[in-house]
Structure formats: C-alpha cells, structure tokens
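In terms of UniProt numbering, the sequence shown has 299 at position 299, counting the first letter as 1, and numbering is strictly consecutive.
Every residue, glycine too, gets a C-beta built ideally from N, C-alpha and C.
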Amino acid sequence: MGHLCFPFLSSLLILIISGGGSSYAALSPQIYWKTVLPHTPMPSFIQQLISPEVYVEEKAGTSVGVGKGGVNVNTGKGTAVDVSPDGVGVRTGKGTSVGVGQGGVGVTTGKGTAVTVGHGGVSVRTGGKGKPAVVIVRPGFSPFQYVYAAADTQEDGDPAAALFFLPKDLRAGTEMTVQFSKTTTSGATFLPRSSADAIPFSTSELPAILSRFEVAPGSTEAATMETTLLQCQEPAAAGETKRCATSLESMVDFATANLGTRNLAALATESYGGDAAGGLLRYRFTAVRKMGAGKKGLVACHPESYAYPVFFCHATTAAEVYKVSMTAAAAEVEAVVVCHTDTAGWNPKHVAFKVLGVKPGAVPVCHFVPQDHVVFVAMV
1 MGHLCFPFLS
11 SLLILIISGG
21 GSSYAALSPQ
31 IYWKTVLPHT
41 PMPSFIQQLI
51 SPEVYVEEKA
61 GTSVGVGKGG
71 VNVNTGKGTA
81 VDVSPDGVGV
91 RTGKGTSVGV
101 GQGGVGVTTG
111 KGTAVTVGHG
121 GVSVRTGGKG
131 KPAVVIVRPG
141 FSPFQYVYAA
151 ADTQEDGDPA
161 AALFFLPKDL
171 RAGTEMTVQF
181 SKTTTSGATF
191 LPRSSADAIP
201 FSTSELPAIL
211 SRFEVAPGST
221 EAATMETTLL
231 QCQEPAAAGE
241 TKRCATSLES
251 MVDFATANLG
261 TRNLAALATE
271 SYGGDAAGGL
281 LRYRFTAVRK
291 MGAGKKGLVA
301 CHPESYAYPV
311 FFCHATTAAE
321 VYKVSMTAAA
331 AEVEAVVVCH
341 TDTAGWNPKH
351 VAFKVLGVKP
361 GAVPVCHFVP
371 QDHVVFVAMV
C-alpha cells in the first residue's frame, strides 16, 4: 500500500511550514522519536517522511525556508520554488505547478487537468473547475491484513505472493525470486500528532474528509481512502492488537506500549548498490540473524493509501524477526523477515496459504517485509 499522491496538498504543507510560526514546529515528530527512543536509529524512509528543520527569513514579502529536506522560496507574489532530494517544484500562483522528481514529472494546470509521467507510464486526470487535480498511486493487495481472503487469481504473477515462504528455507544458501518494492509517495510528510488528531478519521466522517482534501466523492481516490478507513476500523486478527497510526508519535507510542520497553530496534528492509526495486530478482541468502529479545514479539507498521502518511500497525507475541543478507546479480538487500508461529486466526483463504499449500495454524509462515515498512522489536 502507499500514500495517495496529492501534489496540491504536498505543496500546501510545504508552504505552511515555510510561511511563518515557530521555526521548530515541524521538528516535533522527530524530537518525540529521539526523546522516547533515544537509542533507536530511525530508518531512512521514516526520516524522509518527517518535515525538514526549517529556518524562515522574511524580507519584502519573500520567505526562505532552509532545512535538511531542501529549500523553499516564496516571493509573496504568487510564485514559490521548492528544491528537495525528491526533486524540484515550481508554482506560479496562476494555477500551474510543475514538479520534477525521482518518480518522473508532474504538471498541474489548476484548471482541472493533471499530467504525470513516471516509471509506471503516463496518467492524465481531469477534475472539476477550480479544484486541484489529484493523482493516485493505486494500491495493490496488502498481504499484511490477515483477516482478508485473497482474490481467486491472487497468486498468479502477484509479487505479494512471492513474499511468503516456510521456515525451512530461512537459511544461508537458499535462493528465492522476490521483488522488494518501494512505496511511491507524494512527498507529504507526517503530520504532528496535534494536527493529525484534529482531522476526522472514520468512515462516518468520510464526506467531511473528502471535502477537506478536495477529493471528489465517487472517484478512485475517494474509494481508496474509504478502503483504508474500513480496514483501520476492522477488528484485529486473533492474537493481535492493532492501530492505524496517523502520526509518528502515535506509531512510537503503540510500539513502546505493546513491547513494554523503550529499548527498541526499528528494523526496515534496505537495498544497496543495485536496482532492488526494479522487479523480480533471483536472490541468494548469504546470512540469517535472529533479532529481538526473548518472546516479547513485535510491532509491525505498514503504509496505507491515504492523503497523508498513515500506517497500519499490529502487535503480536506469536512471531519472530530476522535480518537476512541477500545478493542478486543487480542488487544487495538487508531484508527484514517475520515468521509467524501461530496463524490459526488468519483467514483460511489468505494468500499465504494458497501459495504455500498449508492450512491455518498447521505450520509457521514467514514473509519478507517490503521497503518502507518498519518492524519494532525489544532489545532487552
């Protein structure tokens, strides 16, 4: 799953940060992490979801924001320029914006038309007069919602199906074909908890939510956001607790509360020196290391498709976590692997059982953790 791509919303959030107020307000999620988890390095993808440290200077109507995430210049005459590691954004204030980033090029005319060119192809969307165009990264099947059944054709050519394997294969020398996909995001960052908590987050409030983010009712974007809300409202799988974290602070609190300690490791799959996200590759396991302390279990957080970063987090004690070093012809990966020791509460038609040919509760089931997901484990 990924975040919806809202060019208008992302630009608006950048302008709000650079437009005034406390220079350090955008740091609050990062400060919270460092305060609660002082000995826990933050995964790189989470760093990219945190608003940069910003310095604001205003002269003759021009504001300049400089931080770790890049530079923002607003002339006060309707033109704004953003430069960040993700690319360059220019907004003329006359309804046209141009964004150039690692994912491609996006042009929004402000007249209801948007053109996006990315690795997946070209998408053109038109909207109503006066409404910002919205580009969505359509979510695929999420294999981490264990209460849901797979589609009849789920295992046919679906990279998600290749994520699952049996514990007997968790050893050096094993070879597997896997795709370590990265979530495509809009560049939107975590909202501070105070802001996130002030925004409705339930299906009963869906009309107000869509209006707030200027998403047309009945659109693909609206349907996707509703699906996320429905999934977040579903009961947890048997033996688990869950929360949809709408802020980084909420994620941290859920992890520490369920693991009973602040001495945590935050584990994420990382790729090095190759095109690990480019497609299915044949990998060889070169090393396997168990992570975490004893039988305290884990907290795993998976990105959901929404207008801003939201993570589906679930906690279980019936699981073990491993780091696996893997090599392929074009990539090296330090992968996070979770092995569930009790799957009796999963949907009998979950994709893992279809792929592996086993029944719920019969044997442990392991799976890779994609990039841009995080698993917390207790270290003591």
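**Message:** Does R171 come out as helix, strand or coil in the three-state DSSP assignment?
**Reply:** coil
**Prompt:** Using DSSP with H/G/I as helix, E/B as strand and the rest coil, what is T317?
**Reply:** coil
**Request:** With DSSP as the reference, label M379 as helix, strand or coil.
**Result:** coil
**Asked** Considering only the beta carbon of each residue, do A378 and D342 sit closer than 8 Å?
**Response** no
**Item:** DSSP state of L206 mapped onto helix, strand, coil
**Value:** helix
**Request:** Just the C-alpha distance for A162 and Q179, rounded to the nearest angstrom, thanks.
**Result:** 8 Å
**Message:** I'd like the list of long-range same chain contacts for P167, defined as Cβ closer than 6 Å, with 5 residues on each side in sequence excluded.
**Reply:** C339, P364 and C366
**Limits of the alpha helix (DSSP H) - the one that K295 falls within** = Taken as a continuous stretch (DSSP letters only), K295 belongs to no alpha helix (DSSP H), as it is neither H nor E.
**Request:** Let me know the secondary structure DSSP gives S305 once reduced to three states.
**Result:** coil
**Asked** On the three-state DSSP scale, how would you describe K323?
**Response** strand
**Residues bridged to Y272 (per DSSP)** = E332
**Item:** Close Cβ partners of A375 (< 8 Å) along its chain, the five nearest in sequence each way excluded
**Value:** Inspection of the sequence shows that residue 375 is occupied by Val rather than by Ala. So the list reads A266, L267, A268, L298, V299, A300, C301, V321, V336, V338 and V369, once near-sequence residues are dropped.
**Request:** Please list, in chain order, all residues of the same chain as S28 whose beta carbon is under 7 Å from its beta carbon, the five residues on each side excluded.
**Result:** P192
**Prompt:** So, is I31 buried or exposed, given that buried needs 16 or more other C-beta atoms within 10 angstroms?
**Reply:** exposed
**Prompt:** Hey, would you say V351 sits closer than 8 Å to V36, going by beta carbons?
**Reply:** no
**Request:** Compute the distance between the beta-carbons of E240 and T316, then report whether it is under 8 Å.
**Result:** yes
**Message:** When you compare the CB positions of T261 and V355, do they come within less than 8 Å of one another, or not?
**Reply:** no
**Asked** What first and last residue would you give for the alpha helix (DSSP H) that runs through R193?
**Response** R193 to D197
**Request:** Classify M291 as helix, strand or coil using the three-state DSSP reduction.
**Result:** strand
**Boundaries of the beta strand (DSSP E) in which residue 389 is found, first to last residue** = The structure shown does not extend to residue 389, since the chain spans only 1 to 380, so no value can be given for it.
**Request:** Alpha carbon to alpha carbon, how far is E214 from L170? Give it in angstroms, no decimals.
**Result:** 47 Å
**Prompt:** Looking at the structure shown, is V215 part of a helix, part of a strand, or coil, going by DSSP?
**Reply:** coil
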